[in-house]
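S.K.: One line per chain: the protein sequences are A and B, in this order. Count along the first sequence starting at 1, add 808, and that's the number in the numbering used here. Count along the second sequence starting at 1, add 808, and that's the number in the numbering used here. Positions of the beta carbon are idealized from the N, C-alpha and C atoms, including for glycine. Questions regarding the structure given below will be posed in turn.
There are 2 protein chains.
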Amino acid sequence: MSCQKLVGAAVVGQSGGPTAVINATLAGVIRAALSDEAKGTITELYGMRNGIEGFIDGRFVSLSSIFTTPNGTTDEEKLALLTQTPASALGSCRKKLPDPEKDPEFFERLISRFKENNIRYFFYIGGNDSMDTVAKLSRFVTDHEYDMRVIGLPKTIDNDLPGTDHAPGYGSAAKLIAAEVQEIVRDCAVYTVPAVTIVEIMGRDAGWLTAASALPRILGGYAPDLVYLPECDFSMDAFFGDLRSILKMKPNIVVAVSEGVRFADGTYVGESTQSGVKDAFGHKYLAGTAKMLTEAVKAEFGCKVRSIELNLPQRCGAHFASQTDLTEAADAGSAGVKAAVSGETGSMIAILRDETAADYAVIYKPANVQNIANGEQKVPDKFITEEKNNVTDECLRYIAPLIKGEPKLIMNGGIPVHFVFD
Amino acid sequence: MSCQKLVGAAVVGQSGGPTAVINATLAGVIRAALSDEAKGTITELYGMRNGIEGFIDGRFVSLSSIFTTPNGTTDEEKLALLTQTPASALGSCRKKLPDPEKDPEFFERLISRFKENNIRYFFYIGGNDSMDTVAKLSRFVTDHEYDMRVIGLPKTIDNDLPGTDHAPGYGSAAKLIAAEVQEIVRDCAVYTVPAVTIVEIMGRDAGWLTAASALPRILGGYAPDLVYLPECDFSMDAFFGDLRSILKMKPNIVVAVSEGVRFADGTYVGESTQSGVKDAFGHKYLAGTAKMLTEAVKAEFGCKVRSIELNLPQRCGAHFASQTDLTEAADAGSAGVKAAVSGETGSMIAILRDETAADYAVIYKPANVQNIANGEQKVPDKFITEEKNNVTDECLRYIAPLIKGEPKLIMNGGIPVHFVFD
Chain A
809 MSCQKLVGAA VVGQSGGPTA VINATLAGVI RAALSDEAKG TITELYGMRN GIEGFIDGRF
869 VSLSSIFTTP NGTTDEEKLA LLTQTPASAL GSCRKKLPDP EKDPEFFERL ISRFKENNIR
929 YFFYIGGNDS MDTVAKLSRF VTDHEYDMRV IGLPKTIDND LPGTDHAPGY GSAAKLIAAE
989 VQEIVRDCAV YTVPAVTIVE IMGRDAGWLT AASALPRILG GYAPDLVYLP ECDFSMDAFF
1049 GDLRSILKMK PNIVVAVSEG VRFADGTYVG ESTQSGVKDA FGHKYLAGTA KMLTEAVKAE
1109 FGCKVRSIEL NLPQRCGAHF ASQTDLTEAA DAGSAGVKAA VSGETGSMIA ILRDETAADY
1169 AVIYKPANVQ NIANGEQKVP DKFITEEKNN VTDECLRYIA PLIKGEPKLI MNGGIPVHFV
1229 FD
Chain B
809 MSCQKLVGAA VVGQSGGPTA VINATLAGVI RAALSDEAKG TITELYGMRN GIEGFIDGRF
869 VSLSSIFTTP NGTTDEEKLA LLTQTPASAL GSCRKKLPDP EKDPEFFERL ISRFKENNIR
929 YFFYIGGNDS MDTVAKLSRF VTDHEYDMRV IGLPKTIDND LPGTDHAPGY GSAAKLIAAE
989 VQEIVRDCAV YTVPAVTIVE IMGRDAGWLT AASALPRILG GYAPDLVYLP ECDFSMDAFF
1049 GDLRSILKMK PNIVVAVSEG VRFADGTYVG ESTQSGVKDA FGHKYLAGTA KMLTEAVKAE
1109 FGCKVRSIEL NLPQRCGAHF ASQTDLTEAA DAGSAGVKAA VSGETGSMIA ILRDETAADY
1169 AVIYKPANVQ NIANGEQKVP DKFITEEKNN VTDECLRYIA PLIKGEPKLI MNGGIPVHFV
1229 FD
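So this is what it looks like as structure tokens:
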């Protein structure tokens, strides 16, 4: 933390997988960087195209120009469109940076780019891998005495970033999953013949998204009967036992399962039937977890079984985003700019629950990014039932505030309008 | 058509696959049957549980009781909840009725049930198969001189019902597909590496739903690059050629394909790699159309390829329903009741565009159900481009009015509230 005023340009980038609100964070950065408070300190705001990978090749745009009206005010209309656009509007990359101590060449090229444009502020919106970039760059500039403030802004639908209560992107994905799985539960309840529907939800190592499918249970709605997370070993015998118990009570069962569930020996459930099975082109079938379980249940029970993979729509479902998530995403972006202007560096903006508030409220607090970069926040044991086939009400009460509120979307002819950089 | 006043009870049922607005039609029936206009004519309204199959077993409820408040007025609050609930709230069935002329036994049992409860009005909400039920029952009661008015109310996401411009259920599915595919297009545009994403959309014989994915093109949004419908023979060579042309211009391609596309020899694309390929349980892999095309494109181009099956959520996505569709669904239900009370029978309520109106407007008109029962309305040639790899703007202008408008949903804690019969 340095208290000296640092005058220069800023650059912001987006990295890793898309979310419904990653552009809300970008909008928050733009709004704060163009604000009266930052004027005179942040002289210009650039946006990297395709993250650090595009930036190093000289691909970046002037966000100051794009988001300033001819009158000199911030273009709130464009920012509103940007906010409701899913997926990284600036483009993304998945570049894993080398260790700066061992392989400084990439960092030296970066510094040259920074110097060319007098860039003194660096904001990077992303998940675990992106925070690794922030951590490495922050160490490098400190060690090489290039005066720059380096700030990470959290983003991940998986909610697996440590050091923060939750991450922007999760609330909107959780909301869409809760609503769509509830719709699937209703859809599956219309017939009287025994049928099992298996819904596969994203999450290779952390089960936060799958847990969200159970939210309707505490909201007077309709939730899946069984919920399996990757935090617990998956057992086919226990699964069949769970199904058998429920089939005694009702004909329609809906199961939510994380794509990343594994057997006790560590093999993914989704890869277990794939060995040796090849298609006409000689490729292994990548059947997926739900597909594999579908075949297993068909063989065991002989009833109607169906698999549904929620797939990409769950991470970019801006048409049904959470207003809480959108607000926090934007506020985290603005908080990052303010913190950097005040001297903060080497940090990620964490979102923490304000435990002193009567209702749900959050505070934004810089956290040392070196402690975040390679950690992973999983669903804790206390959030999973003893039988390992559902989540607890305590877990759902933790998630519930994050999905609240619906934005007023700008629509055209029945579909949301998106902002796209030319 | 009989002009005599017919006093008695009415029964309404839902049949076939769920949609986002099938309960809006039910709400329209209830509202009209409980209205002052129908009072004294329709003495009571029953609802079949699980369609005609549940009804014949004596499973039905009194909708008059459930939807009347203690004050004696219609319970508009409950009707609002019912309207926004996806999937058949009364339950559904997929019973194919026998030919009444050859096998009258089922119909005789039905008539006994009608007589027991003095049922004189029969409303059935459904698609092609349900209209077959309406047609057969209508013939039977006429031939056996049981005085009952028999009315079909259209419902299908597939939009393949003949005799009507379009069917309730289609507009909402089309809206969600247009919005979600647009989100997928944005999601896939964030990286710079060549990648093909193949989105599989419902529709075994008619391509209306897949056509809807292209809607953003005429709405200033972002549509898939290629669109393949089951109305045209699918050629792998032509498909590869289409991909090759586009890959020359941009790295990210999104393809929308109907689940029902077939090669010129009539085999489904989705079944072509499945012959001989079995999983660990000895079951044939049912890989699906997009999955099969994914493997084919990987083998041919060696680039990143991904498949997404929109699956059930596209037909029960009430969280993003079309207000136009909801309104028309309810109005068709009410129109059915009014027509029946005025003497109409043996008809399906068709929705026709009012060609005299300056803007989009519809009229509800009874059409002879005997001419509808076994027909199928496919996407006409003029709606498909010459290259057979997209739809025309004329096609999109036909669909566009059907997806307009967003309902104000009753929410609880971030998810829509559903109505459920106990």
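Are the stretch 983 to 996 of chain A and the stretch 1168 to 1176 of chain A in contact at 8 Å, needing three or more beta carbon pairs?
M.R.: Taking 8 Å as the limit for Cβ pairs, the verdict is that the stretch 1168 to 1176 of chain A does not touch the stretch 983 to 996 of chain A.
S.K.: Listed from N- to C-terminal order along the chain, which residues in the stretch 1045 to 1076 of chain A have their beta-carbon within a distance smaller than 7 Å of any beta-carbon of chain B?
M.R.: Under the 7 Å Cβ criterion, the stretch 1045 to 1076 of chain A contributes no residue.
S.K.: Assign A/Gly1090 to one of two classes, buried (16 or more other C-beta atoms within 10 Å of its C-beta) or exposed (fewer than that).
M.R.: One-based indexing of the first sequence puts residue 1090 of chain A at position 282. Caution is warranted here: a pLDDT of 46 is assigned to A/Gly1090, below 50, making its placement in the model unreliable, and the coordinate value is therefore given only provisionally. Answer is exposed; the Cβ neighbour count stays below 16.
S.K.: Pull up the distance between the alpha-carbon of A/Pro906 and that of A/Ile927, whole angstroms please.
M.R.: For the purposes of this step, residue 906 of chain A is taken as residue 98 along the first sequence, with counting starting at 1. For the purposes of this step, residue 927 of chain A is taken as residue 119 along the first sequence, with counting starting at 1. Looking at the two C-alpha atoms, the distance is approximately 22 Å.
S.K.: Going straight from the alpha carbon of B/Gly1029 to that of A/Lys903, what length do you get?
M.R.: If you number the second sequence from 1, residue 1029 of chain B lands on position 221. If you number the first sequence from 1, residue 903 of chain A lands on position 95. Straight-line Cα distance between these residues: approximately 29 Å.
S.K.: Under a Cβ-count criterion, where at least 16 other Cβ atoms within 10 Å of its own Cβ denotes burial, should A/Phe922 be classed as buried or exposed?
M.R.: Counted from its first residue, the first sequence places residue 922 of chain A at position 114. The residue in question, A/Phe922, is buried, as its Cβ has 16 or more Cβ neighbours within 10 Å.
S.K.: When the distance is taken between beta carbons, is B/Ser1130 closer than 8 Å to B/Lys1186?
M.R.: Against the second sequence, residue 1186 of chain B aligns to sequence position 378. Against the second sequence, residue 1130 of chain B aligns to sequence position 322. Cβ distance not < 8 Å, so B/Lys1186 and B/Ser1130 don't count as in contact.
S.K.: How do the stretch 1045 to 1060 of chain B and the stretch 1219 to 1227 of chain B stand: do at least 3 beta-carbon pairs fall below 8 Å, yes or no?
M.R.: In short, these stretches do not touch, since the Cβ pair count stays below three.
S.K.: Tell me, please, which residues DSSP counts as bridged to A/Thr882.
M.R.: Locating residue 882 of chain A in the first sequence gives position 74, where the first residue counts as 1. Its beta-bridge partners are A/Thr876.
S.K.: Taking the continuous beta strand (DSSP E) assigned at B/Thr851, which residues delimit it?
M.R.: Counting from one through the second sequence, the residue named residue 851 of chain B turns up at place 43. Ile850 to Met856 is the extent of the beta strand (DSSP E) around B/Thr851.
S.K.: Going by CA-CA distance only, name the one from B/Val1062, B/Cys1111, B/Leu1101 and B/Asp1013 that's closest to B/Gly1074.
M.R.: Reading the second sequence from its first residue, position 266 is the one you call residue 1074 of chain B. With distances taken between Cα atoms, B/Gly1074 lies closest to B/Asp1013.
S.K.: May I ask you to report which of helix, strand or coil DSSP gives A/Ala997?
M.R.: On the first sequence, position 189 is the one that residue 997 of chain A refers to. Three-state result, A/Ala997: coil.
S.K.: The stretch 1000 to 1011 of chain A: which residues have C-beta closer than 7 Å to a C-beta of chain D, in chain order?
M.R.: Going by chain labels, chain D is absent from the structure shown, which instead holds the protein chains A and B.
S.K.: Using the C-alpha atoms, what's the distance from A/Val1001 back to B/Thr833?
M.R.: As a first step, residue 833 of chain B must be located in the second sequence, where it is residue number 25. As a first step, residue 1001 of chain A must be located in the first sequence, where it is residue number 193. Cα-Cα distance, rounded: 25 Å.
S.K.: Using a beta-carbon distance cut-off of less than 9 Å, what residues from the stretch 1021 to 1038 of chain A approach chain B?
M.R.: The residues in question are Leu1023, Pro1024, Ile1026, Leu1027, Gly1028, Gly1029 and Tyr1030.
S.K.: Which one of A/Pro970, A/Val958, A/Pro1032 and A/Lys963 has the shortest CA to CA distance from A/Arg994?
M.R.: The sequence position of residue 994 of chain A within the first sequence is 186, counting from 1. Checking every option, the nearest Cα to that of A/Arg994 belongs to A/Pro1032.
S.K.: Spell out whether any CB of chain A is found under 8 Å from the CB atom of B/Phe1128.
M.R.: Residue numbering aside, residue 1128 of chain B sits at position 320 when the second sequence is read from its first letter. Yes, because at least one Cβ of chain A sits closer than 8 Å to the Cβ of B/Phe1128.
S.K.: Exposed or buried, B/Gly824, counting other C-beta atoms within 10 Å across all chains shown (16 or more means buried)?
M.R.: By 1-based counting over the second sequence, the position of residue 824 of chain B is 16. By the neighbour-count rule (16 or more Cβ atoms within 10 Å), B/Gly824 is buried.
S.K.: A/Leu984 by DSSP, collapsed to three states: which one?
M.R.: Residue 984 of chain A sits at position 176 when you count from the first residue of the first sequence. Of the three classes helix, strand and coil, the one that applies to A/Leu984 here is helix, per DSSP.
S.K.: Would you report the Cα separation of B/Leu1055 and A/Pro962, rounded to the nearest angstrom?
M.R.: Position 247 of the second sequence, counted from the start, is the residue given in the question as residue 1055 of chain B. Position 154 of the first sequence, counted from the start, is the residue given in the question as residue 962 of chain A. Between B/Leu1055 and A/Pro962, the C-alpha separation is close to 33 Å.
S.K.: Can you give me the C-alpha to C-alpha distance between A/Val829 and A/Ser938, rounded to a whole angstrom?
M.R.: Residue 829 of chain A sits at position 21 when you count from the first residue of the first sequence. Residue 938 of chain A sits at position 130 when you count from the first residue of the first sequence. Distance between the alpha carbons of A/Val829 and A/Ser938: 16 Å.
S.K.: Starting from B/Asn967, follow the alpha helix (DSSP H) in both directions and report where the run begins and ends.
M.R.: Here residue 967 of chain B is taken as the residue at index 159 of the second sequence, counted from 1. Taken as a continuous stretch (DSSP letters only), B/Asn967 belongs to no alpha helix (DSSP H), as it is neither H nor E.
S.K.: Report the rounded CA-to-CA distance for B/Glu953 versus B/Ser946, giving the unit in angstroms.
M.R.: Here residue 953 of chain B refers to the residue found at position 145 of the second sequence. Here residue 946 of chain B refers to the residue found at position 138 of the second sequence. Going from the Cα of B/Glu953 to the Cα of B/Ser946 covers about 11 Å.
S.K.: Let me know the secondary structure DSSP gives B/Lys847 once reduced to three states.
M.R.: As a working note, residue 847 of chain B is residue 39 in the second sequence. The answer is coil: DSSP assigns B/Lys847 none of H, G, I, E or B.
S.K.: Would you say A/Leu1196 and A/Cys1040 are within 8 Å of each other, going by their C-beta atoms?
M.R.: Taking the first residue of the first sequence as 1, we reach residue 1196 of chain A at position 388. Taking the first residue of the first sequence as 1, we reach residue 1040 of chain A at position 232. First, the residue type needs correcting, since residue 1196 of chain A is Lys and not Leu in the sequence shown. Taking 8 Å as the Cβ cut-off, A/Lys1196 and A/Cys1040 qualify as a contacting pair.
S.K.: Mind checking B/Glu885: buried by the 16 CB within 10 Å criterion, or exposed?
M.R.: Your numbering for residue 885 of chain B matches position 77 in the second sequence. B/Glu885 is exposed by the Cβ-count criterion.
S.K.: Run through chain B and tell me which residues come within less than 8 Å of A/Asn1119, C-beta to C-beta.
M.R.: Here residue 1119 of chain A corresponds to residue number 311 of the first sequence, with the count starting at 1. Correct list: Ile1116 and Glu1117.
S.K.: Can you give me the start and stop residues for the beta strand (DSSP E) that A/Thr1005 sits inside?
M.R.: As a first step, residue 1005 of chain A is located in the first sequence; it is residue number 197 there, counting from the start. Run containing A/Thr1005: Ala1003 to Ile1009, per the beta strand (DSSP E) assignment.
S.K.: Any idea what DSSP makes of B/Ala840, helix, strand or coil?
M.R.: Here residue 840 of chain B is taken as the residue at index 32 of the second sequence, counted from 1. Three-state DSSP puts B/Ala840 in a helix.
S.K.: Can you name the residues of chain B whose CB is closer than 7 Å to the CB of A/Ser900?
M.R.: Position 92 of the first sequence, counted from the first residue, corresponds to residue 900 of chain A. Simply Val998 and Tyr999.
S.K.: Say whether the stretch 996 to 1010 of chain A touches the stretch 883 to 902 of chain B, bearing in mind that this needs 3 or more beta-carbon pairs closer than 8 Å, one atom from each stretch.
M.R.: Yes, the stretch 996 to 1010 of chain A touches the stretch 883 to 902 of chain B.
S.K.: Look at the alpha carbon of A/Leu887 and the alpha carbon of A/Phe875, and state the distance between them as a whole number of angstroms.
M.R.: Start at 1 with the first residue of the first sequence, and residue 887 of chain A comes out as number 79. Start at 1 with the first residue of the first sequence, and residue 875 of chain A comes out as number 67. So the two alpha carbons sit approximately 7 Å from each other.
S.K.: Between the beta-carbon of B/Val1063 and the beta-carbon of B/Leu1023, is there less than 8 Å?
M.R.: Counting from one through the second sequence, the residue named residue 1063 of chain B turns up at place 255. Counting from one through the second sequence, the residue named residue 1023 of chain B turns up at place 215. No.
S.K.: In chain order, what are the residue ranges of uninterrupted beta strand (DSSP E) at least 3 long that sit wholly in the stretch 1020 to 1064 of chain B?
M.R.: Entirely contained in the stretch 1020 to 1064 of chain B, the beta strand (DSSP E) runs reaching 3 residues are, in chain order, 1034 to 1036.
S.K.: Is A/Tyr929 helix, strand or coil by DSSP?
M.R.: Numbered from 1 along the first sequence, position 121 holds the residue referred to as residue 929 of chain A. A/Tyr929: strand per DSSP, three-state reduction.
S.K.: Along chain B, in chain order, which residues have C-beta atoms closer than 8 Å to that of A/Thr893?
M.R.: Position 85 of the first sequence, counted from the start, is the residue given in the question as residue 893 of chain A. What A/Thr893 touches in chain B: Arg994.
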